[in-house]
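K.L.:
Numbering (the working numbering), first residue to last: 924 to 1093. Using N, Cα and C, we set each Cβ at its ideal position, and we do this for glycine too.
So this is what it looks like as structure tokens:
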């Protein structure tokens, strides 16, 4: 019942700017079926690592984006973009259809960063992850929780919640 493209598709990210680094080759499967991850440029700059990882999200190379955001989170846990890095890590996991891992990331991030700008989106994506796990009742409760915790969400997010609730048959 919840097999529409909206159920697992990551949020459409804004277009890359001309100054943003270009993404490298998307991940490919090798002969043994293991995913080969494109190389992230080595950097000790949290902003550069974040930007590079984000470029992999934009190009649809979710395994490399996952690696980059995990690296960002572990190396720069106090960075100003830590909450966003968690969000995009969850998005990369959703893109890989790793729903359980995505749900764990979105749940932990929504608890750790309840006042973050992306906090309502984290709950939305937690619900989407739960739909992917066929846990629609819990997903519906999660979608309903967004408006309770964040009554001032944008009209765009309210519409997205409505769409996801319909896909989950809430």
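What is the DSSP secondary structure of residue 955, reduced to helix, strand or coil?
P.N.:
Mapped onto the chain shown, residue 955 falls at position 32. Confidence at residue 955 is low in this model, with a pLDDT of 42, below 50, so the placement of that residue should be treated as unreliable; the coordinate-derived value is given next. Annotated three-state conformation of residue 955 is coil, per DSSP.
K.L.:
What do you reckon, are the CB atoms on residue 1008 and residue 992 nearer than 8 Å?
P.N.:
Counted from its first residue, the chain shown places residue 1008 at position 85. Counted from its first residue, the chain shown places residue 992 at position 69. Contact: yes.
K.L.:
Going straight from the alpha carbon of residue 1023 to that of residue 999, what length do you get?
P.N.:
Here the question's residue 1023 lines up with position 100 in the chain shown. Here the question's residue 999 lines up with position 76 in the chain shown. Computed Cα separation, rounded: 24 Å.
K.L.:
Determine whether the beta carbon atoms of residue 1052 and residue 1031 lie at a separation below 8 Å.
P.N.:
Here residue 1052 is taken as the residue at index 129 of the chain shown, counted from 1. Here residue 1031 is taken as the residue at index 108 of the chain shown, counted from 1. Against a cut-off of 8 Å, the Cβ pair of residue 1031 and residue 1052 comes out as no contact.
K.L.:
According to DSSP, simplified to helix, strand and coil, what is residue 965?
P.N.:
Position 42 of the chain shown, counted from the first residue, corresponds to residue 965. Coil.
K.L.:
Indicate the three-state DSSP secondary structure (helix, strand or coil) for residue 1052 in the structure shown.
P.N.:
On the chain shown, position 129 is the one that residue 1052 refers to. Looking at residue 1052 - three-state DSSP - the assignment turns out to be helix.
K.L.:
Can you have a look at residue 965 and say buried or exposed, based on whether 16 or more other CB atoms are within 10 angstroms of its CB?
P.N.:
Here residue 965 is taken as the residue at index 42 of the chain shown, counted from 1. It counts as exposed.
K.L.:
For residue 977, which residues in the same chain have their Cβ closer than 7 Å to its Cβ, ignoring the five residues on either side in sequence?
P.N.:
Mapped onto the chain shown, residue 977 falls at position 54. Hits under 7 Å: 1011.
K.L.:
If you run the structure through DSSP and keep just helix, strand and coil, what is residue 1086?
P.N.:
Here the question's residue 1086 lines up with position 163 in the chain shown. Residue 1086 falls in the helix class under three-state DSSP.
K.L.:
When the Cα atoms are used, what is the spatial distance from residue 1083 to residue 984?
P.N.:
If you number the chain shown from 1, residue 1083 lands on position 160. If you number the chain shown from 1, residue 984 lands on position 61. So the alpha carbons of these two residues sit roughly 24 Å apart.
K.L.:
What three-state label does DSSP hand residue 1077 in the structure shown?
P.N.:
Taking the first residue of the chain shown as 1, we reach residue 1077 at position 154. Coil, per DSSP.
K.L.:
Which of the three DSSP states is assigned to residue 985 in this structure?
P.N.:
Position 62 of the chain shown, counted from the start, is the residue given in the question as residue 985. Helix at residue 985.
K.L.:
By DSSP, does residue 1063 sit in helix, in strand, or in coil?
P.N.:
Counted from its first residue, the chain shown places residue 1063 at position 140. Residue 1063 falls in the helix class under three-state DSSP.
K.L.:
How many Å lie between residue 986 and residue 1089 at the Cα?
P.N.:
Numbered from its first residue, the chain shown carries residue 986 at position 63. Numbered from its first residue, the chain shown carries residue 1089 at position 166. If you take the alpha carbons of residue 986 and residue 1089, they lie about 29 Å apart.
K.L.:
From residue 1013 to residue 1087, what distance separates their C-alpha atoms?
P.N.:
Numbered from its first residue, the chain shown carries residue 1013 at position 90. Numbered from its first residue, the chain shown carries residue 1087 at position 164. C-alpha separation (whole angstroms): 17 Å.
K.L.:
Among 1001, 1062, 1069 and 1063, which one has its Cα closest to the Cα of residue 1044?
P.N.:
Within the chain shown, the letter at position 121 stands for residue 1044. Answer by Cα proximity: 1069.
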